[in-house]
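Residue numbers (our numbering): 27 to 213.
As structure tokens, then:
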């Protein structure tokens, strides 16, 4: 166990050195290597945990969070816990993750197409639209969340879902493309 902890701390230190985002606010608990990149702002509010042990990719993966442009803001709320190998990239519109939300392994959240989709304009920037994830949302492994999506409070996003449309409060979303299932009961 000591050797594993030493190895992980070395990996965390390496990614800290590689990180180049100058505008980082807050201090998350880091259990897995995290690469913070970009010219924008990455804001951790309160008690945020990045990484999970024991879980897949703990010793082999890393979390990647990039606020690519100066106007890009990524805000991660209090009590958020991200599992291993999460990627969050804002190209300018912004990404907000609400309090007490949980993200599984290999979750990707993107606020942009990054490139124009037309073959003659591929070198031009793509369209951006903000992404907002409500409070107390549980996002399963291998989920992809794309630009312009709002996921309401108290939702569950099932393993492998591809979210291209907004999901109202208290719903289950699943599939590719995602469909909305039944409403979730509230206490």
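Every residue gets a Cβ at the ideal spot worked out from N, C-alpha and C, and that includes glycine.
Which of the three DSSP states, helix, strand or coil, is assigned to residue 154?
-> Shown here, residue 154 sits in a strand according to DSSP, grouped into three states.
DSSP state of residue 70, grouped into three classes?
-> Note: residue 70 maps to strand in three-state DSSP.
Is it buried or exposed for residue 146, if we count other Cβ within 10 angstroms and need 16 for buried?
-> The C-beta of residue 146 has fewer than 16 other C-beta atoms within 10 Å across all chains shown, which makes the residue exposed.
Proximity of residue 103 and residue 121 at Cβ, strictly below 7 Å = For the 7 Å CB-CB criterion, residue 103 and residue 121 do not form a contact.
Should residue 89 go down as buried or exposed, given a rule of 16 or more other Cβ atoms within 10 Å for buried?
-> Answer is buried; the Cβ neighbour count reaches 16.
Residue-level contact to chain D via CB, residue 73, 7 Å cutoff = Absence of chain D from the displayed structure is noted, only one protein chain being present.
Which residues share a DSSP beta bridge with residue 61?
-> Residue 61 is bridged by DSSP to 90.
With DSSP run on the structure shown, which of helix, strand or coil describes residue 30?
-> Residue state, collapsed to three classes: helix.
Over what stretch of residues does the beta strand (DSSP E) that includes residue 163 continue unbroken?
-> Going by DSSP, residue 163 is part of no beta strand (DSSP E) at all; its letter is neither H nor E.
Alpha-carbon spacing of residue 67 relative to residue 136, whole angstroms | So the two alpha carbons sit approximately 15 Å from each other.
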